[in-house]
Every structure is written in structure tokens, then in C-alpha cells.
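K.L.:
Numbering (the numbering used here), first residue to last: 3 to 149. Ideal Cβ placement from N, Cα and C applies to all residues, glycine included.
Shown next, in the form of C-alpha cells:
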């Protein structure tokens with residue numbers, strides 16, 4: 003039971019997931035800073051409110067429905083998604099593409115090298131003909147030596 007758990011923890015996927023969580027936390031901190039320091043002041047300049055929580059708010063019987071808070075959360079999500087896409091996914095995909103191209107280039111070079119070696123070596127039929135010619139020549143030598 004513990005062996006399976008050790009294997010699960012030691013696998014690379016677990017480490018990748020931990021790195022993803024740490025990076026997500028870092029990106030969230032940056033995005034929250036951008037929202038609180040840049041976007042919310044612009045909203046305050048335009049609408050006169052410090053953030054979007056109070057925008058499009060409807061209060062009825064003591065209950066408040068705030069569409070502005072939902073818009074703020076959507077805006078945060080979109081900024082985080084853009085940051086993750088351009089700062090993490092795009093570089094990883096470029097690196098993966100470069101690696102695949104390098105592997106394809108190496109494989110193509112190996113195939114060319116194998117084809118060149120195959121072209122240099124005689125085919126099985128040519129080898130058979132050469133062997134038969136050598137046998138014929140040896141038999142001719144032996145017959146000439148007997149006569």
C-alpha cells in the first residue's frame with residue numbers, strides 16, 4: 003500500500019502539478035496587483051466607485067445582487083488566463099515544437115545515412131552474382147592447374 007503511494011509521489015506528474023500550483027499562485031498575485039493598482043483606479047475614475055463590486059448592484063429586501071462583482075471576477079479570470087497562456091503555455095509549446103523539429107531533423111539525417119550505406123553496399127543479388135563469379139574463377143584456375 004505504501005509502495006504504491008511512494009510511486010505516485012515520485013512520478014513526474016506530481017512534481018509538474020506542484021510546480022503548476024506554485025506558478026498559479028504567483029500569477030494570481032501579479033494579476034491581483036494589476037487589478038488593485040491599475041484597473042480598479044481606472045474604474046474609480048470612470049464610475050466613481052473604488053472597484054466593480056458596487057457596480058450594477060441591486061438591493062431588494064436586504065439582499066444585494068452585484069453583477070459588478072461577477073464582472074470583476076470574470077475580468078480577473080481573463081487576465082489570469084491571458085498571463086498563463088502567454089507566459090507559460092506559449093513558451094512551453096515553442097520549446098516542444100523546437101524539440102520535435104530537432105528530433106525530426108535527427109531522424110531524417112539518420113535515414114539518409116542508412117540509405118547511403120545501403121546504396122554503398124551491394125544488394126543481395128549483386129553479392130550472389132559476385133560470389134558465383136568468384137567460384138567460377140576458382141574452378142577455372144583449378145581446371146587450368148590440372149591440365
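Can you say whether residue 54 is buried or exposed, counting buried as having 16 or more other CB atoms within 10 angstroms of its CB?
P.N.:
Here residue 54 corresponds to residue number 52 of the chain shown, with the count starting at 1. Residue 54 should be labelled buried.
K.L.:
Please name the residue or residues paired with residue 66 in a DSSP beta bridge.
P.N.:
As a working note, residue 66 is residue 64 in the chain shown. Answer is 61, bridged to residue 66.
K.L.:
With DSSP as the reference, label residue 96 as helix, strand or coil.
P.N.:
Along the chain shown, one-based indexing puts residue 96 at 94. Reduced to three states, the DSSP call for residue 96 is helix.
K.L.:
Do residue 78 and residue 37 have their C-beta atoms within less than 8 Å of each other?
P.N.:
For the purposes of this step, residue 78 is identified with residue 76 of the chain shown, where counting begins at 1. For the purposes of this step, residue 37 is identified with residue 35 of the chain shown, where counting begins at 1. In this structure, residue 37 lies closer than 8 Å to residue 78 by Cβ.
K.L.:
Taking the alpha-carbon positions, what's the residue 44 to residue 4 distance?
P.N.:
Counted from its first residue, the chain shown places residue 44 at position 42. Counted from its first residue, the chain shown places residue 4 at position 2. Rounded to the nearest angstrom, the two C-alpha atoms are 54 Å apart.
K.L.:
Residues in the same chain with beta-carbon distance under 8 Å from residue 52, minus the five sequence neighbours each way, listed in chain order, please.
P.N.:
Position 50 of the chain shown, counted from the start, is the residue given in the question as residue 52. Cβ contact annotation for residue 52 (same chain, cutoff 8 Å, sequence separation greater than five): 42, 45, 46, in chain order.
K.L.:
What is the DSSP secondary structure of residue 39, counted as helix, strand or coil?
P.N.:
For the purposes of this step, residue 39 is taken as the residue at position 37 of the chain shown. DSSP places residue 39 in helix when its eight states are reduced to three.
K.L.:
Could you check how far apart the C-beta atoms of residue 76 and residue 30 are, in whole angstroms? I think they sit under 8 Å.
P.N.:
Along the chain shown, one-based indexing puts residue 76 at 74. Along the chain shown, one-based indexing puts residue 30 at 28. In this structure residue 76 does not touch residue 30 by the C-beta definition: roughly 15 Å separates them, more than the 8 Å allowed.
K.L.:
Quick one: measure Cβ to Cβ for residue 58 and residue 69, integer angstroms, because I've assumed they're closer than 8 Å.
P.N.:
The residue labelled residue 58 in the question sits at position 56 within the chain shown. The residue labelled residue 69 in the question sits at position 67 within the chain shown. Right, the Cβ-Cβ distance comes to about 4 Å (below 8 Å), so this counts as a contact.
K.L.:
Taking the alpha helix (DSSP H) that residue 91 falls in, what are its first and last residues?
P.N.:
Stepping through the chain shown from its first residue, residue 91 is reached at position 89. Residue 91 -> no alpha helix (DSSP H), and no H or E assigned at all.
K.L.:
Tell me which residue opens and which closes the alpha helix (DSSP H) that residue 140 is part of.
P.N.:
As a first step, residue 140 must be located in the chain shown, where it is residue number 138. 126-148 is the span of the alpha helix (DSSP H), which, as asked, contains residue 140.
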